[in-house]
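S.K.: Next up is a structure, given as structure tokens.
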Amino acid sequence: MTENTETQPAPQQVGVLVVTHGEFGSALLDAAQMILGRQQGLAAVSVQVTNGVDEVVVALKAGLASLETGLGVIVLTDLFGGTPTTLSLSLLKTGNLEVVAGVNLPMLLKVLQNRTQSLSELAGQAKAAGQQGIVVPGEMLRKKAAGS
Amino acid sequence: MFWVRVDNRLIHGQVVEAWVPYIGARSIIVGNDDLARDELQQEIMALAIPRAVDSAFLLIDQLAGDSRLNGPGRDATLLLFSCCLDVRRAVDKGLRLETLNVGNLHYGTGKRQLSPSVSLGADDESCLRYLQGKGVELDFRCVPNDPVPVRFT
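Protein sequence lines, in the order shown, are assigned to chains A and B. Numbers 27 to 174, taken from the working numbering, label the letters of the first sequence in order. Numbers 6 to 158, taken from the working numbering, label the letters of the second sequence in order.
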């Protein structure tokens, strides 16, 4: 497990914590910053097979604390039902956070561009963007060709 | 804002996710001779553009005379080129621009690397100097929140 806190968040932005199996989360942060440029106030916690539950919870708590600026933290996890999600959910009552499971790059980009919104609104947008980001472009092209 | 960018990859993630919101672009115009003649490639590129944003693919020679790129009507427009030579051709035809954003120009052997995203061959350099001579400012940001430390002299 590595905890990879980038920098202190800029004031008045929702913090972004990506919690995943292995290094998926930190790689996702790299990919998003390749597209949007450097961002502040984000971190990844990667859960490895060798980590004990307590260890992960400690890392999650530290990540959440470092990202809190008053607007809360949105926690993006990779798989509903997986350990990163369930352990994140176990902290729901300990602070101002919302968990969205099923993170992908479209979701993360949407979140990073709307961080002054309320946590609950942002969670809704994250979910919609993540779902809308899954497309079969070939189908769209064939539909267009049939319609024209 | 009218914004002109040269980027080998034309429409892609950085452009759609970062530049379009930054500019407040309501239309994207691609100046590229190959794409202007290839409808399938146009459709593939246009798939990633948000629905609220129009797109058009024009020949380089059409740009200077296109009403969308002249006068106040060009506000909220992003004009994309894939190479410096195309920008020069358009300017020679009469396209007016104040600033050229130099985005992704891929590295290749013999090219001078200016930044992680920009490498210039001799042709690129001479085109950019030519444009500077015409009063065009160069902006070397890959994405809008990049600092602009790159100096091209």
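Ideal placement from N, C-alpha and C gives every residue a C-beta, glycine not left out.
With which residues is T104 (chain B) paired in a DSSP beta bridge?
M.R.: For T104 (chain B), which the question treats as bridged, DSSP gives the partners B:E142.
S.K.: What is the residue span of the beta strand (DSSP E) that G89 (chain A) lies within?
M.R.: No beta strand (DSSP E) holds G89 (chain A); the alpha helix (DSSP H) holding it covers V79 to L93.
S.K.: Could you please tell me which residues of the stretch 17-29 of chain B, in chain order, have their CB closer than 8 Å to any CB of chain A?
M.R.: Result list: G18, Q19, E22, A23 and P26.
S.K.: At the 7 Å Cβ level, is L52 (chain B) part of the contact set with chain A, yes or no?
M.R.: Judged by the 7 Å Cβ criterion, L52 (chain B) is in contact with chain A.
S.K.: Figure out for me which residue from B:G78, B:F145, B:L45 and B:Q46 has the closest Cα to the Cα of R4 (chain B).
M.R.: No answer is possible for residue 4 (chain B): it lies beyond the span of chain B, which begins at 6 and ends at 158.
S.K.: Starting from G63 (chain A), find everything on chain B with Cβ-Cβ shorter than 9 Å and list it in chain order.
M.R.: By Cβ distance, chain B contributes Q19, A23, R146, C147, V148, P149, N150 and D151.
S.K.: Look at the alpha carbon of C132 (chain B) and the alpha carbon of Y27 (chain B), and state the distance between them as a whole number of angstroms.
M.R.: So the alpha carbons of these two residues sit roughly 27 Å apart.
S.K.: Which residues, in chain order, does the stretch 151-171 of chain A contribute to contact with chain B at a C-beta distance below 9 Å?
M.R.: Those would be V161, P163, M166, L167, K170 and A171, in chain order.
S.K.: With a threshold of 8 Å on Cβ separation, who are the neighbours of K87 (chain A) within its own chain once the five nearest residues in sequence on each side are excluded?
M.R.: Hits under 8 Å: L117 and T120.
S.K.: Indicate the three-state DSSP secondary structure (helix, strand or coil) for Q38 (chain A) in the structure shown.
M.R.: Here Q38 (chain A) sits in coil by DSSP.
S.K.: For I160 (chain A), count the other beta carbons within 10 Å of its own beta carbon; 16 or more makes it buried, fewer makes it exposed. Which is it?
M.R.: Classification of I160 (chain A): exposed, given that the 10 Å Cβ count is below 16.
S.K.: How about L148 (chain A): is its C-beta nearer than 7 Å to some C-beta of chain B?
M.R.: Closer than 7 Å: no.
S.K.: If we ignore side chains and look at the alpha-carbon of each, how far apart do P35 (chain A) and L62 (chain A) end up?
M.R.: Here the model assigns P35 (chain A) a pLDDT of 47, short of 50, so the residue's position is not dependable, and the following value carries that caveat. The straight-line gap from Cα to Cα measures roughly 16 Å.
S.K.: Give me the Cα-Cα distance between A154 (chain A) and V45 (chain A), rounded to the nearest whole angstrom.
M.R.: C-alpha separation (whole angstroms): 19 Å.
S.K.: In three-state DSSP terms, what is Q157 (chain A)?
M.R.: Helix.
S.K.: Which word fits G67 (chain A), buried or exposed, when buried means at least 16 other C-beta atoms lie within 10 angstroms of its C-beta?
M.R.: So G67 (chain A) counts as buried.
S.K.: Who does V75 (chain A) pair with in a DSSP beta bridge?
M.R.: DSSP lists no partner for V75 (chain A).
S.K.: Consider the Cβ of L68 (chain A): report whether some Cβ of chain B lies at a distance smaller than 7 Å.
M.R.: No, no contact with chain B.
S.K.: Mind checking whether C147 (chain B) and S124 (chain B) have CB atoms under 7 Å apart?
M.R.: Against a cut-off of 7 Å, the Cβ pair of S124 (chain B) and C147 (chain B) comes out as no contact.
S.K.: In angstroms with no decimal places, state the Cα-to-Cα distance between A53 (chain B) and S52 (chain A).
M.R.: For A53 (chain B) and S52 (chain A), the distance between alpha carbons rounds to 25 Å.
S.K.: Tell me the rounded alpha-carbon separation between L40 (chain B) and F7 (chain B).
M.R.: Taking the straight line joining both Cα atoms gives about 22 Å.
S.K.: Contact between the stretch 8-26 of chain B and the stretch 86-94 of chain B: three or more CB pairs below 8 Å?
M.R.: Yes: at least three Cβ pairs fall under 8 Å.
S.K.: Can you say whether K136 (chain A) is buried or exposed, counting buried as having 16 or more other CB atoms within 10 angstroms of its CB?
M.R.: Counting Cβ neighbours within 10 Å, K136 (chain A) comes out buried, since at least 16 surround it.
S.K.: How is the alpha helix (DSSP H) around T142 (chain A) delimited, first residue to last?
M.R.: Note, T142 (chain A): premise wrong, no alpha helix (DSSP H); not H, not E.
S.K.: Let's see if you can read the secondary structure: which residues bound the beta strand (DSSP E) around S60 (chain B)?
M.R.: That run of the beta strand (DSSP E) goes D59 to L63.
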